[in-house]
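S.K.:
In the working numbering, the protein residues as written are 855 to 1045.
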């Protein structure tokens, strides 16, 4: 059975029920549909007076050529700890859109050790990466416009790259800023 079939044939618990198992009240989560949520920052403030738990960090391992490895291992480890009666919470980074449509696939695990809803998580999740991309590119365009319209801050050189959360091979060789209408400051004056 393919990963997608396993994910689609799994009955998901509402995120409110999962939050409840963690001791979180509904007001402590910001829901993104029935199965996803962010945890309120108030929860972190309340944890400061709690006894420390143990942190297990799953980092670089030797994955297969298709990339299975860290996420699947981390999910299996958290599930295994819960199976033997330990309190266990797993935190994963938000996956990049980049590998989803390539040979590697998404970053939600595999087989029976995966996070669901896989399509939502792999394709946009809560929108945070999109917001970061937009903010980065807004700042890049503001810097360019500042330089174009006079460069009052007197920048000699600015290196601020654009970003896109995709593995688009065509964008690897794109050159920007080639228009003759642009004015950039150099040590020898304007060009």
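Virtual Cβ for every residue (Gly too), placed ideally from N, Cα, C.
Our contact map puts residue 1014 next to residue 1032 with C-beta atoms below 8 angstroms; I'd like the distance itself, whole angstroms only.
M.R.: Taking C-beta atoms under 8 angstroms as the contact rule, residue 1014 and residue 1032 fail to qualify, at a distance of about 17 angstroms.
S.K.: With distances taken from CA atoms, which of 904, 859, 977, 1027 is nearest residue 950?
M.R.: 977
S.K.: DSSP state of residue 893, grouped into three classes?
M.R.: strand
S.K.: Pull up the distance between the alpha-carbon of residue 1028 and that of residue 988, whole angstroms please.
M.R.: 19 angstroms
S.K.: Beta-carbon within less than 8 angstroms of residue 860's beta-carbon, same chain only, minus the 5 sequence neighbours each way: which residues are those?
M.R.: Once the five neighbours on either side are set aside, the close Cβ partners of residue 860 are 965, 966, 968.
S.K.: Tell me which same chain residues have a C-beta within less than 7 angstroms of the C-beta of residue 931, skipping the five on either side of it?
M.R.: 910, 912
S.K.: Roughly how many angstroms lie between the CA atoms of residue 1008 and residue 1025, to the nearest whole one?
M.R.: Distance between the alpha carbons of residue 1008 and residue 1025 is about 30 angstroms.
S.K.: Ordered along the chain, which non-local residues of its own chain (more than five positions away) have a Cβ less than 7 angstroms from that of residue 891?
M.R.: These residues qualify, in order along the chain: 869, 873, 883, 884, 885.
S.K.: Find out if the Cβ-Cβ distance for the pair residue 1016, residue 991 is shorter than 8 angstroms.
M.R.: yes
S.K.: How should residue 996 be labelled, buried or exposed, when 16 other C-beta atoms within 10 angstroms of its C-beta is the threshold for buried?
M.R.: exposed
S.K.: Could you give the distance in angstroms between the alpha-carbon of residue 864 and the alpha-carbon of residue 858?
M.R.: 10 angstroms
S.K.: Less than 8 angstroms between the C-beta atoms of residue 972 and residue 981, yes or no?
M.R.: no
S.K.: Using DSSP's beta-bridge definition, name the partner residues of residue 883.
M.R.: 893
S.K.: Is it buried or exposed for residue 879, if we count other Cβ within 10 angstroms and need 16 for buried?
M.R.: exposed
S.K.: Could you tell me which residues DSSP puts in a beta bridge with residue 967?
M.R.: DSSP links residue 967 through a beta bridge to 964.
S.K.: What does a CB cutoff of less than 6 angstroms around residue 933 pick up in its chain, not counting 5 residues either side in sequence?
M.R.: none
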